[in-house]
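See structure below.
Protein chains: 2
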Amino acid sequence: MNLIERAKELVSLTGDRATANRVRTLSVLLSAKRALTHREIADQLLDAKKQLDRVTLYRILEWMSKKSLIHKIAGDDRVWRFRINTEIRAHQHAHFKCNRCAKVICLKDSKYNPTPLLPVGYLLQEIELTIKGVCSECI
Amino acid sequence: MNLIERAKELVSLTGDRATANRVRTLSVLLSAKRALTHREIADQLLDAKKQLDRVTLYRILEWMSKKSLIHKIAGDDRVWRFRINTEIRAHQHAHFKCNRCAKVICLKDSKYNPTPLLPVGYLLQEIELTIKGVCSECI
DNA sequence: GCAATTAATGCAACACAGTTGCACTATTAT
DNA sequence: ATAATAGTGCAACTGTGTTGCATTAATTGC
Chain A
0 MNLIERAKEL VSLTGDRATA NRVRTLSVLL SAKRALTHRE IADQLLDAKK
50 QLDRVTLYRI LEWMSKKSLI HKIAGDDRVW RFRINTEIRA HQHAHFKCNR
100 CAKVICLKDS KYNPTPLLPV GYLLQEIELT IKGVCSECI
Chain B
0 MNLIERAKEL VSLTGDRATA NRVRTLSVLL SAKRALTHRE IADQLLDAKK
50 QLDRVTLYRI LEWMSKKSLI HKIAGDDRVW RFRINTEIRA HQHAHFKCNR
100 CAKVICLKDS KYNPTPLLPV GYLLQEIELT IKGVCSECI
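Line by line, the protein sequences are chains A and B.
When we follow numbering that gives the first Met the number 0, the leftmost residue of the first sequence carries the number 0, and every step to the right adds one.
When we follow numbering that gives the first Met the number 0, the leftmost residue of the second sequence carries the number 0, and every step to the right adds one.
What follows is the structure, given as structure tokens:
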């Protein structure tokens with residue numbers, strides 16, 4: 000089963016329409032080894048026969064986040080990055096951000112077991128751990 | 000010793016000029032109980048006799064970050080937040096971000112002792128831990 | 001003190017990610 | 001086939017943050 004077929008299946012599983020744009024976008028993220036910006040995704044979609052509008056891409060990415068196909072990562076360059084959700088990675092957010100090239104990768108196996116001290120009356124919903132440094136390519 | 004005097008002293012310690020704008024800005028952050036956005040800081044400076052330009056405020060905040068008087072926190076709403084640096088908080092970044100009102104507070108005593116699994120060849124520089132949830136006022 | 005240098009400020013214009021409204025098109029349901 | 005619904009494209013907009021440059025204020029060296 001190739002990438003496009005797998006993407007198509009994943010999109011279909013949401014119950015919503017499996018449009019070509021959604022499938023193409025998801026297949027890009029499926030093959031990405033790191034979190035991509037909207038820009039980077041758009042660039043990879045450039046070679047396709049029909050160019051898709053940047054707003055449409057924003058909406059597709061937002062839709063995919065809502066459907067938990069992908070997740071967003073907030074960088075400190077004010078740019079969202081998007082990453083495919085795999086079973087392993089889901090809900091265990093640990094990311095590495097390169098201070099030189101700004102690339103973001105997902106760290107699996109980051110065993111952060113928290114119980115951090117929240118003030119009384121506070122509700123914990125999510126823990127986001129970002130390790131910053133320099134990746135091997137930029138060192 | 001009042002707030003303004005303390006702010007003035009801290010600014011002077013950097014070796015650079017202790018202008019009224021810098022002192023005023025720092026005193027706002029000194030009395031803040033949470034991380035503030037550029038907007039929020041500007042609002043608090045409104046009542047002063049002479050209004051300062053937003054660009055100037057951006058530059059003051061950038062300068063203060065460089066001088067380690069304050070630190071920046073990247074929110075996922077694409078907005079920087081600024082927080083005073085105290086000895087305790089320096090270099091131990093753990094923040095709580097409310098998912099409703101978007102306020103950010105600094106969590107002290109968050110004993111995260113990491114050694115997270117970075118890929119080989121990666122250099123670790125900083126660990127940023129953000130706990131998301133709902134603060135007591137928004138619950 | 002007074003000029004010369006240096007740093008800080010204000011203004012205008014810009015960059016860029018992300019959003020909203022609305023018309024248009026394609027898809028699904030009846 | 002027609003009506004209802006969902007997705008797309010375009011244009012215009014929002015808001016944060018930045019850059020360039022002229023102006024003003026503060027230091028420095030006489």
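Don't be surprised by glycine CBs; every beta carbon is placed ideally from N, CA and C.
The model shown is predicted, which means the values in this text are computed figures rather than measured ones.
Exposed or buried, which one is residue i when buried takes at least 16 other CB atoms within 10 Å?
i, result
"B:I87", "For B:I87, the predicted structure reports a pLDDT of 45, less than 50, and the residue's modelled location is therefore unreliable. A value from the coordinates is still provided. Exposed, since its Cβ has fewer than 16 Cβ neighbours within 10 Å."
"B:R58", "exposed"
"A:C145", "This structure leaves residue 145 of chain A out entirely; chain A is present only between 0 and 138."
"A:G14", "exposed"
"A:E119", "As written in the sequence, residue 119 of chain A is Val, which differs from the Glu given in the question. Answer is exposed; the Cβ neighbour count stays below 16."
"A:R21", "buried"
"B:L35", "buried"
"B:T18", "exposed"
"A:K102", "buried"
"A:I138", "exposed"
Residue i by DSSP, collapsed to three states: which one?
i, result
"A:T85", "coil"
"A:A180", "The structure shown does not extend to residue 180 of chain A, since chain A is modelled only from 0 to 138, so the question has no answer here."
"A:I40", "helix"
"A:R16", "coil"
"A:R77", "coil"
"B:L29", "helix"
"A:V119", "coil"
Along the chain, where does the beta strand (DSSP E) containing residue i start, and where does it finish?
i, result
"B:E127", "122–133"
"A:I104", "103–105"
"A:C97", "93–97"
In terms of residue numbering, what span does the alpha helix (DSSP H) encompassing residue i cover?
i, result
"A:V54", "53–65"
Excluding sequence positions up to five away, which residues of its chain have a Cβ less than 6 Å from the Cβ of residue i?
i, result
"B:M63", "I69"
"B:L106", "A93, F95"
"A:I130", "F95"
Once the 5 residues before and after residue i are set aside, which same chain residues still bring their CB inside 7 Å of it?
i, result
"A:L9", "L25, L68"
"A:L29", "L2, R5, A6, I83"
"A:L123", "L117"
"B:A41", "R53, L56"
"A:A89", "Low confidence applies here, because A:A89 scores a pLDDT of 46, under 50, leaving its location unreliable and the question unanswered by this model."
"A:S11", "A17"
"B:R33", "K102, V103, I104"
"B:V27", "I40, Q43, L44"
Spatial neighbours of residue i within its chain, please: CB distance less than 8 Å, with the 5 preceding and 5 following residues excluded, ordered by chain position.
i, result
"B:H37", "R53, L56, Y57, L60, V78, W79, F81"
"B:K66", "T13, D15"
"B:D75", "K96"
Query raised in the report: Which residues, taken in chain order from the segment 120–138 of chain B, show a beta carbon closer than 7 Å to some beta carbon of chain A?
Result: G120, Y121, L122, L123, Q124, E125, I126, E127, L128, T129, I130, K131, G132, V133, C134, S135, I138
Query raised in the report: In chain order, what residues of the segment 69–80 of chain A put their CB closer than 9 Å to some CB of chain B?
Result: K71, I72, A73, G74, D75, D76, R77, V78, W79
Query raised in the report: Name the residues in the segment 10–36 of chain B whose C-beta lies less than 7 Å from a C-beta of chain A; which are they?
Result: none
**Report entry** Interfacial residues, the segment 96–107 of chain A to chain B, with Cβ spacing under 9 Å
**Finding:** K96, C97, N98, I104, L106, K107
Requested in this report: Report the residues of the segment 48–65 of chain B with a CB closer than 7 Å to any CB of chain A, ordered along the chain.
Outcome: none
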